[in-house]
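Per my numbering, the sequence shown runs over residues 2 to 326. For glycine and all other residues, C-beta sits at the position ideal for the given N, C-alpha and C. Scroll down for the structure; my scribbles are underneath it.
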Amino acid sequence: MATLALAAPTAYNYEVTPTIGGVYPEGNLDIHSQLTYGLRFGINLDSNIVSQIELGYDRSDDVDYEKSSKETNINRYYANVVKEYKLTPETALYALVGLGHEDMSNSENGNGDSMFAQYGGGVKYWVTDNFALKAEVRHAVKFDHGDNNLFYSLGFAIPFSPKAAPVVAKAEPKPAPVAAPVAPKDSDMDGVYDDKDKCPNTPKGTVVDADGCTKIIRLHVKFDFDKSVVKPAFMPEIQKVADFMKQNPGYSVVLEGHTDSKGSDAYNQKLSDSRAKAVAKALSNLGVAAAKVTTEAYGESKPVATNDTEAGRAENRRVDALFKK
2 MATLALAAPT
12 AYNYEVTPTI
22 GGVYPEGNLD
32 IHSQLTYGLR
42 FGINLDSNIV
52 SQIELGYDRS
62 DDVDYEKSSK
72 ETNINRYYAN
82 VVKEYKLTPE
92 TALYALVGLG
102 HEDMSNSENG
112 NGDSMFAQYG
122 GGVKYWVTDN
132 FALKAEVRHA
142 VKFDHGDNNL
152 FYSLGFAIPF
162 SPKAAPVVAK
172 AEPKPAPVAA
182 PVAPKDSDMD
192 GVYDDKDKCP
202 NTPKGTVVDA
212 DGCTKIIRLH
222 VKFDFDKSVV
232 KPAFMPEIQK
242 VADFMKQNPG
252 YSVVLEGHTD
262 SKGSDAYNQK
272 LSDSRAKAVA
282 KALSNLGVAA
292 AKVTTEAYGE
302 SKPVATNDTE
312 AGRAENRRVD
322 ALFKK
């Protein structure tokens with residue numbers, strides 16, 4: 002069984018309906034049944050109480066009186082309130098009630114101009130979104146003598162003037178989730194984060210500087226050509242290393258010996274080893290445990306200056322100190 006539902010508000014503001022039908026008058030009105038035609042104008046409302054305000058006009062031409070040879074034209078003007086009830090998406094029943102005025106061009110036998118009230122109902126079927134058929138029955142009662150007429154009609158409704166689409170409030174966009182702070186990464190675990198580490202992948206345990214590079218102390222212990230004797234003038238430099246080791250007992254030191262390019266590779270390798278061991282002995286004499294000191298020889302393989310000048314070669318005849326934990 003179909004359930005009646007309140008009709009949803011129409012998508013159009015207005016509706017016009019041409020009609021054709023008939024009028025069946027009360028028997029004592031001394032007037033024949035007649036054809037009628039008309040036009041209705043509907044104002045659609047967004048209301049759950051009233052669906053439409055309807056203004057209408059009907060006309061009957063050359064209507065005969067029963068007891069005379071006279072005839073009359075009848076104009077009827079009226080206003081109704083209409084309420085629709087949906088049966089299906091295409092079909093609706095509706096009820097109406099309203100007031101009107103009947104204007105007769107030729108009064109006869111007590112029939113004349115008069116106000117009337119009316120009520121009725123009908124069915125409306127939407128063929129398309131822009132066209133609907135209507136079948137309707139109305140009962141009108143005149144104010145003068147209580148005379149009444151029964152109206153029946155067919156019409157087709159044409160809506161127009163689409164309503165503006167309802168404004169849909171846009172949902173405020175949710176703020177983007179705040180990403181959890183990413184912990185700084187230290188891939189080589191040297192204590193300097195990757196974004197500031199200028200020397201990535203330093204060996205584990207290597208002591209590094211603020212840039213993440215191996216901490217090297219250039220002792221400025223310079224050697225004469227073809228010599229490995231530590232001169233007294235350079236002992237303050239070696240003392241700095243000894244002091245650092247005593248203040249940081251968790252550290253060890255690697256002493257790297259170097260030469261210039263004069264002489265053979267094999268000879269320079271041995272000479273650089275002798276220079277590193279000479280500094281190691283000096284550290285031992287200053288109280289640094291021998292277990293904390295190792296030596297490595299690089300010969301002429303790691304110059305820090307050009308070997309084309311005497312000044313450059315003097316810079317390359319050196320010992321460097323690298324610290325490790």
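Original post:
Could you check where the beta strand (DSSP E) with N74 kicks off and where it finishes?
Top reply: The residue you call residue 74 lines up with position 73 of the sequence shown. Note, N74: beta strand (DSSP E), 72-87.
**OP:** My understanding is that Y86 touches Y95, with C-beta atoms under 8 angstroms, so please give their C-beta distance in whole angstroms.
**Re:** Here the question's residue 86 lines up with position 85 in the sequence shown. Here the question's residue 95 lines up with position 94 in the sequence shown. Rounded, the Cβ-Cβ distance is 7 angstroms, consistent with contact.
**OP:** Quick one: which unbroken beta strand (DSSP E) runs of 3-plus residues sit fully inside the region 172-238? Chain order, please.
**Re:** Counting whole runs of 3 or more residues, the region 172-238 contains the beta strand (DSSP E) stretches 217-219.
Original post:
Taking the continuous alpha helix (DSSP H) assigned at L284, which residues delimit it?
Top reply: For the purposes of this step, residue 284 is taken as residue 283 along the sequence shown, with counting starting at 1. 266-286 is the span of the alpha helix (DSSP H), which, as asked, contains L284.
Original post:
Whose C-beta lies closer than 8 angstroms to the C-beta of D266 among residues of the same chain, with five residues either side of it excluded?
Top reply: Position 265 of the sequence shown, counted from the first residue, corresponds to residue 266. Counting only Cβ-Cβ distances below 8 angstroms, and skipping sequence neighbours, we find G300, E301.
**OP:** Kindly indicate which three-state DSSP category E16 falls into: helix, strand or coil?
**Re:** Within the sequence shown, numbered from 1, the residue matching residue 16 stands at position 15. Three-state DSSP puts E16 in a strand.
Subject >> Spatial neighbours of Y14 in its chain, beta-carbon cut-off 8 angstroms, leaving aside the 5 residues before and after >> reply: Residue mapping note: residue 14 aligns to position 13 of the sequence shown, counting from 1. This sequence places Asn at residue 14; Tyr is not what is there. Cβ neighbours of N14 beyond the five flanking positions: I44, N45, F161, S162, P163, K164.
Subject >> Nearest-angstrom Cα separation, counted from T296 out to V255 >> reply: Here residue 255 refers to the residue found at position 254 of the sequence shown. Here residue 296 refers to the residue found at position 295 of the sequence shown. V255 and T296: Cα-Cα distance of roughly 6 angstroms.
Subject >> Residue from E109, S34, G22 whose Cα sits closest to the Cα of S69 >> reply: As a position in the sequence shown, residue 69 is number 68, starting the count at 1. Considering only alpha carbons, the answer is E109.
Original post:
Are there 16 or more other CB atoms within 10 angstroms of the CB of D212, so buried, or fewer, so exposed?
Top reply: For the purposes of this step, residue 212 is identified with residue 211 of the sequence shown, where counting begins at 1. It counts as exposed.
Subject >> Rounded straight-line distance, which links the Cα of N81 to that of V51 >> reply: Here residue 51 refers to the residue found at position 50 of the sequence shown. Here residue 81 refers to the residue found at position 80 of the sequence shown. About 10 angstroms.
**OP:** With distances taken Cα to Cα, identify the nearest neighbour of T37 among S48, D47, V24, H102.
**Re:** In the sequence shown, counting from the first residue as 1, residue 37 sits at position 36. That would be V24, whose Cα lies nearest to the Cα of T37.
Original post:
Just curious, the beta strand (DSSP E) that R41 is in, first and last residue?
Top reply: Here the question's residue 41 lines up with position 40 in the sequence shown. Counting along the chain, the unbroken beta strand (DSSP E) around R41 starts and ends at 35-45.
Subject >> Nearest to E316 (by Cα), restricted to the options K143, A234, H259 >> reply: Taking the first residue of the sequence shown as position 1, residue 316 is located at position 315. Ranking K143, A234, H259 by Cα distance to E316 puts H259 first.
Original post:
Who are the near neighbours of E91 in its chain, counting only those whose CB is closer than 7 angstroms to its CB and skipping five residues on each side?
Top reply: The sequence position of residue 91 within the sequence shown is 90, counting from 1. Counting only residues of its own chain and dropping the five nearest sequence neighbours on each side, E91 has a CB closer than 7 angstroms to the CB of Y126, W127.
Original post:
Could you give the residue range of the beta strand (DSSP E) that holds R60?
Top reply: Reading the sequence shown from its first residue, position 59 is the one you call residue 60. 53-65 is the extent of the beta strand (DSSP E) around R60.
Original post:
Hey, how far is the Cα of S40 from the Cα of R139?
Top reply: If you number the sequence shown from 1, residue 40 lands on position 39. If you number the sequence shown from 1, residue 139 lands on position 138. In the sequence as displayed, the identity of residue 40 is Leu instead of Ser. Roughly 15 angstroms between the two C-alpha positions.
Original post:
So, is E173 buried or exposed, given that buried needs 16 or more other C-beta atoms within 10 angstroms?
Top reply: Taking the first residue of the sequence shown as position 1, residue 173 is located at position 172. Around the C-beta of E173, fewer than 16 other C-beta atoms lie within 10 Å, and the residue is accordingly described as exposed.
Original post:
Is it the case that the Cβ atoms of K71 and N107 are separated by a distance below 9 angstroms?
Top reply: Here residue 71 corresponds to residue number 70 of the sequence shown, with the count starting at 1. Here residue 107 corresponds to residue number 106 of the sequence shown, with the count starting at 1. Contact: yes.
**OP:** Measure the Cβ-Cβ separation of A277 and E257 and say whether it is below 9 angstroms.
**Re:** The residue you call residue 277 lines up with position 276 of the sequence shown. The residue you call residue 257 lines up with position 256 of the sequence shown. Going by C-beta atoms, A277 is nearer than 9 angstroms to E257.
Original post:
Are the region 56-65 and the region 167-186 touching, with three or more C-beta to C-beta distances below 8 angstroms?
Top reply: No: the two stretches stay apart, fewer than three of their Cβ pairs being nearer than 8 angstroms.
Original post:
Can you tell which of K228, P304, F245 has the C-alpha that lies nearest to the C-alpha of S275?
Top reply: As a first step, residue 275 must be located in the sequence shown, where it is residue number 274. When each option's Cα is compared against that of S275, the closest is K228.
Subject >> Opposing strand residues paired with G123 [DSSP bridges] >> reply: Counting from 1 along the sequence shown, the entry for residue 123 is found at position 122. According to DSSP, which records beta bridges pairwise, G123 is partnered with Y95, E137.
Original post:
According to the Cβ coordinates, are T18 and K143 closer than 9 angstroms?
Top reply: By 1-based counting over the sequence shown, the position of residue 18 is 17. By 1-based counting over the sequence shown, the position of residue 143 is 142. No, the pair does not count as a contact, with Cβ atoms beyond the cut-off.
Subject >> Nearest-angstrom Cβ-Cβ length linking S154 and I21, presumed shorter than 8 angstroms >> reply: The residue you call residue 154 lines up with position 153 of the sequence shown. The residue you call residue 21 lines up with position 20 of the sequence shown. Confirmed, about 7 angstroms.
Original post:
Quick one: what does DSSP say D104 is sitting in, helix, strand or coil?
Top reply: The residue given as residue 104 occupies position 103 in the sequence shown. Three-state result, D104: strand.
Subject >> Cα-Cα separation between L151 and E103, rounded to whole angstroms >> reply: Here residue 151 is taken as the residue at index 150 of the sequence shown, counted from 1. Here residue 103 is taken as the residue at index 102 of the sequence shown, counted from 1. In a straight line, the C-alpha of L151 is about 14 angstroms away from that of E103.
Subject >> DSSP beta-bridge partners of V305 >> reply: In the sequence shown, residue 305 corresponds to position 304, counting from 1. According to DSSP, V305 bridges with nothing at all.
Original post:
Buried or exposed: T73, going by 16 or more other Cβ atoms within 10 Å of its Cβ?
Top reply: Here residue 73 refers to the residue found at position 72 when the sequence shown is read from its first residue. T73 is buried by the Cβ-count criterion.
Subject >> Helix, strand or coil at G313 according to DSSP, with G and I counted as helix >> reply: What you label residue 313 is simply residue 312 of the sequence shown in a count that begins at 1. Collapsing the DSSP output to three states places G313 in a helix.
Original post:
Does DSSP classify A298 as helix, strand or coil?
Top reply: In the sequence shown, residue 298 corresponds to position 297, counting from 1. Strand at A298.
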